[in-house]
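Right, one structure below, let's go through it.
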Amino acid sequence: MLSSEFPLVSISQIRHYESKGLVHPHRSSANQRVFSTADVERLRFVMREQRDRFLPLDQIGEMLRQLDAGEVAENGRPERMRMVGEQDNNVRPQPNMRLRIADVAETTGAAVADIEDMITAGILQTDARGGLSSHAPEIIRYVLMLVAEGYDLRQVRQIRTSAHAHAVMMANQRASRPHPQTPGAGERAIQAATADTAAVSHLYQALLSESVEVEMR
Numbered sequence: 000m001l002s003s004e005f006p007l008v009s010i011s012q013i014r015h016y017e018s019k020g021l022v023h024p025h026r027s028s029a030n031q032r033v034f035s036t037a038d039v040e041r042l043r044f045v046m047r048e049q050r051d052r053f054l055p056l057d058q059i060g061e062m063l064r065q066l067d068a069g070e071v072a073e074n075g076r077p078e079r080m081r082m083v084g085e086q087d088n089n090v091r092p093q094p095n096m097r098l099r100i101a102d103v104a105e106t107t108g109a110a111v112a113d114i115e116d117m118i119t120a121g122i123l124q125t126d127a128r129g130g131l132s133s134h135a136p137e138i139i140r141y142v143l144m145l146v147a148e149g150y151d152l153r154q155v156r157q158i159r160t161s162a163h164a165h166a167v168m169m170a171n172q173r174a175s176r177p178h179p180q181t182p183g184a185g186e187r188a189i190q191a192a193t194a195d196t197a198a199v200s201h202l203y204q205a206l207l208s209e210s211v212e213v214e215m216r
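At position 20 of the sequence shown the residue is numbered 19 (numbering that gives the first Met the number 0), and the sequence of numbers has no breaks.
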């Protein structure tokens, strides 16, 4: 029921949500988990908030508590705890946009000081005017999720270094292919690399998940 929207959903992921108290499936007499339709919708809510707002699980848990208690207004969320609406233009900046640190802080809920620490650590990169890329909000939200789980910026920087190395590999691979030098060729090459990026991302996630399971057994 969830895999069509979340193709990488796994049993271990759902059990992790259960361990965090985000979902409470019924237990059968044989001690098997039995999920109701309401449980599935609860899981969908959690996964959408992670995917679309990049919120940490403890904040999503607080959102669920408020929803369960009827403390949240029908048309809004307290502070920045809200789901993404179709008209929410601040969630996904357009490609090639340059963003001010203050605007990114407002969009993500991150403190300006935390964003500046990420820049100092080399996780975020600024242009000559101090602007951030359109990917910055997404990067920041994931960094905050990891920091909330106890990782430090030095460890996160290792992920940035790995991502850069793979980006160089992909750029070199694309550059080795003959292509006409026409107006807009560079932009088309970037668009063509999108499929490569998706494949590498999914492969990396599968390899990482496999390695983590091996290490923790």
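We put the CB at the ideal spot given by N, CA and C, even for glycine. Note that the structure is predicted; figures quoted are calculated from it, not measured.
Taken through DSSP and simplified to helix, strand or coil, HIS23 comes out as coil. Secondary structure at ARG99: coil, using DSSP grouped into helix, strand and coil.
Within the DSSP secondary-structure output, THR125 pairs in a beta bridge with LEU131. Taken atom to atom, the span from the alpha-carbon of LEU123 to that of ARG176 is near 30 Å. GLU148 has its alpha-carbon roughly 12 Å from the corresponding atom of GLN58.
Going by beta carbons, ILE100 and LEU131 fall inside the 8 Å limit. Rounded to whole angstroms, MET0 and GLU115 show a C-alpha spacing of 41 Å. Exclusion of the five residues before and after TYR203 leaves no residue of its chain whose Cβ lies closer than 6 Å to its Cβ. Contact annotation: the region 33–43 touches the region 8–24, with at least three C-beta pairs closer than 8 Å.
Nearest Cα to VAL142 within the set ARG52, MET168, LEU63: ARG52. Under the three-state reduction of DSSP, ARG153 is assigned to helix. Between the alpha carbons of GLU70 and GLU61 lies a distance of about 11 Å. In the three-state DSSP reduction, ARG32 falls in the strand class (E or B). As the crow flies, the alpha-carbon of VAL111 is around 11 Å from that of ILE118. Put simply, the backbone Cα of HIS201 is about 11 Å away from that of ALA194. Around the C-beta of THR107, 16 or more other C-beta atoms lie within 10 Å, and the residue is accordingly described as buried.
Of the residues assessed, PRO136 falls on the buried side of the cut-off, its CB having 16 or more other CB atoms within 10 angstroms.
Its Cα nearest to that of MET144, the residue LEU54 stands out among SER27, LEU54, THR36, ASP102. When the beta-carbon positions are compared, ILE139 and ALA109 come within less than 8 Å of each other. By the criterion of a C-beta distance shorter than 8 Å, VAL33 is surrounded in its chain by PRO24, HIS25, ARG26, SER27, once the five residues flanking it on both sides are discounted. If you draw a straight line from the Cα of ALA162 to the Cα of MET169, it is about 11 Å long. According to the DSSP assignment, GLY60 belongs to the alpha helix (DSSP H) that extends over 56–68.
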